[in-house]
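Chemist: Please read through the structure below; I'll follow up with questions.
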């Protein structure tokens, strides 16, 4: 993984309780990538909800953006030890995706899949209840490719590698299947407050 743009500083007393152990505060938005940045055109973008290999429902860009829109502001934390406070996002809550599909989650686990072949696992309970969205805007502007645009998963209460960039689908799985970084030694869950950075943490 590469990180550009991180210049950390110690949190102020007012923000200390918002910074997990081992993290430094940044005003930048570092660019992280496991490989080259894909340039996905909105006319080529689609999002598919699957159960195992079976597609359940699929949206193109225009259809997806007609789903209910939600704005929220959250702190985010990267496994490479930076935290950024009060980041502003807009997109479609995972709850609203499930509602539009007319389904109750059939399993307890999901894999998020991206256009570049990246995948990461997230329990369903960490995606529902207003905890996560497919974000298409950051700070009031369309999400830039370097930060996962045109759309990325956003699961802000977990380390940021779980917020898969360039997302193109979510897949229900019968077990907690490791994704790209989890297969390479990262923690299967990734709670920043418990410093679950790597296997065994």
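In the UniProt record's numbering, the protein residues as written are 1 to 201. Yeah, the Cβ is synthetic: ideal placement off N, Cα and C, and Gly gets one too.
1. Shortest alpha-carbon distance to residue 174 belongs to which of 58, 106, 83?
2. Is the Cβ-Cβ distance between residue 135 and residue 155 less than 7 Å?
3. Return the CA-CA distance between residue 215 and residue 42, expressed in angstroms with no decimal places.
4. Please report the straight-line C-alpha distance between residue 162 and residue 177, rounded to a whole angstrom.
5. Please name the residue, chosen from 74, 103, 108, 152, that lies closest to residue 61 on a Cα-to-Cα basis.
6. Compare the C-alpha of residue 213 against each of 170, 192, 65, 128 and name the closest.
7. Which full runs of the beta strand (DSSP E) of 3+ residues lie inside the UniProt domain "Oxidoreductase molybdopterin-binding" (35-181), going along the chain?
8. Using DSSP bridges, identify the partner residues of residue 198.
9. Is there contact here, the region 86-94 with the region 60-76, by at least three beta-carbon pairs under 8 Å?
10. Where does residue 127 land, buried or exposed, given buried means 16+ other C-beta within 10 angstroms?
Modeler: So, to answer that:
1. 106
2. no
3. Outside the modelled stretch of the chain, which goes from 1 to 201, sits residue 215, for which no answer is possible.
4. 13 Å
5. 152
6. An answer regarding residue 213 cannot be provided, because it is not within the stretch 1 to 201 covered by the chain.
7. 46-51, 54-60, 70-77, 82-93, 109-114, 119-123, 133-138, 152-154, 167-173
8. 186
9. yes
10. buried
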